[in-house]
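Counting the sequence shown from 1 gives a position; the numbering used here is that position plus 4.
Think of the CB as a built atom: it goes at the ideal place given N, C-alpha and C, for glycine as much as any other residue.
Inspection log for the structure reproduced underneath, given as structure tokens.
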Amino acid sequence: MKKSERKRKQEKEKKIIITVDGPAGSGKTTIAKMLSEKLKLYHLSSGKIYRAIAYLEMNYGLEKALELAEKLKIRKNKIFFEGENLDEYLSKEEVGKRASDMSEIKEVREKVNKIQKEIAERVKKGIVVDGRDEGTEVFPSANIKIFIDASLEERARRKYLESAQKGENKTFEFFLETIRKRDAQDSQRAISPLRIPHDSLYIDSTSKTPEEVLEEILNFIKIQKPEILRSLNVDL
Ligand code: DC
């Protein structure tokens, strides 16, 4: 095989990693999912793994939770424990708060990072992973890093609408307050706090629809990272 062919083959075999970080309610999970569908990559939401460990901790205590975390099954970004899909329960704000508490513990972060890296190893072509420290700590040499932001009020409004749609009767003020607290906790913790990766594409989504944000990202990839589209065989 010629050197150039070998290089092309190696490029093809290398997994693509795209990180999407941002604060609670920024829309990072929605965007990561849409982007993964466009690029035909696997999508993983790391916050959900923190939430699943919070669920286990609430039921079994921390020590056992870390042990049981090995038994979590993650399939197509859905989380199962002993055959039960935990997703609906995990989306609750109370679980998000507990996940934020848990995420300050070194052993919990190590466990979640291990699970994520195993999944990234397993996927075929690559992964779009969303969270808080994906571009800074978990996958510092990711091919593309994106940071999605939005004003506190807008993020609270999104969470409020989502909850109202589910028939819950929580107020806008409840979300304003809980997200304010979660922002402080996630960005001030000692290990792996929420930070904007210096080499990321920063998008303020406050007055943008998810489709507009996606378009901005796709344009960025087309112009700045065309080799990724080539290696994925995707024509946008
Ligand atoms: O994205 P989310 O709201 O589902 O995440 C829940 C909590 O998990 C978040 O408040 C902090 C923690 N988390 C983290 O510390 N690091 C990540 N990469 C993802 C989430």
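Straight-line Cα distance separating residue j from residue i
{"i": "I207", "j": "N173", "result": "31 angstroms"}
{"i": "K4", "j": "F178", "result": "Residue coverage of the chain in this structure runs from 5 to 240, which leaves residue 4 outside it and unanswerable."}
{"i": "K37", "j": "Q169", "result": "20 angstroms"}
{"i": "G130", "j": "I227", "result": "20 angstroms"}
{"i": "K229", "j": "T34", "result": "22 angstroms"}
{"i": "S95", "j": "S204", "result": "27 angstroms"}
{"i": "T210", "j": "D25", "result": "15 angstroms"}
{"i": "K32", "j": "G100", "result": "15 angstroms"}
{"i": "G29", "j": "R162", "result": "7 angstroms"}
{"i": "D91", "j": "E98", "result": "14 angstroms"}
{"i": "F143", "j": "K42", "result": "21 angstroms"}
{"i": "R126", "j": "I21", "result": "12 angstroms"}
{"i": "Y59", "j": "S49", "result": "16 angstroms"}
{"i": "E181", "j": "R234", "result": "45 angstroms"}
{"i": "G150", "j": "L165", "result": "Per the sequence shown, residue 150 should be read as Ile rather than Gly. Taking the straight line joining both Cα atoms gives about 25 angstroms."}
Environment of residue i [buried if 16+ CB atoms lie within 10 Å]
{"i": "R186", "result": "buried"}
{"i": "G65", "result": "exposed"}
{"i": "A194", "result": "exposed"}
{"i": "I57", "result": "buried"}
{"i": "E61", "result": "buried"}
{"i": "P27", "result": "buried"}
{"i": "S107", "result": "buried"}
{"i": "L39", "result": "buried"}
{"i": "D239", "result": "exposed"}
{"i": "P201", "result": "buried"}
{"i": "L45", "result": "buried"}
{"i": "A146", "result": "buried"}
{"i": "G171", "result": "exposed"}
{"i": "S191", "result": "exposed"}
{"i": "R79", "result": "exposed"}
{"i": "N81", "result": "buried"}
{"i": "T23", "result": "buried"}
{"i": "A188", "result": "exposed"}
Entirely within the segment 21–62 and at least 4 residues each: give me those alpha helix (DSSP H) ranges in chain order.
Fully enclosed alpha helix (DSSP H) runs of 4 or longer: 32–43.
Any beta strand (DSSP E) of 3 or more consecutive residues that is wholly inside the segment 65–133:
For the segment 65–133, whole beta strand (DSSP E) runs of length 3 or above, ordered along the chain, are 77–79 and 82–85.
Between the segment 214–225 and the segment 126–146, are three or more C-beta pairs nearer than 8 angstroms?
Taking a cut-off of 8 angstroms on C-beta distances, the segment 214–225 does not touch the segment 126–146, as fewer than three cross pairs fall below it.
List in chain order: all unbroken alpha helix (DSSP H) runs of 4+ residues lying wholly within the segment 166–193.
You should have 176–192.
Does the segment 57–77 touch the segment 156–172, meaning 3 or more C-beta pairs lie closer than 8 angstroms?
In the pairwise beta carbon analysis, the segment 156–172 is classified as not touching the segment 57–77: fewer than three pairs are separated by under 8 angstroms.
For the 8 angstroms Cβ check, are there 3 or more pairs between the segment 85–93 and the segment 106–117?
In short, these stretches do not touch, since the Cβ pair count stays below three.
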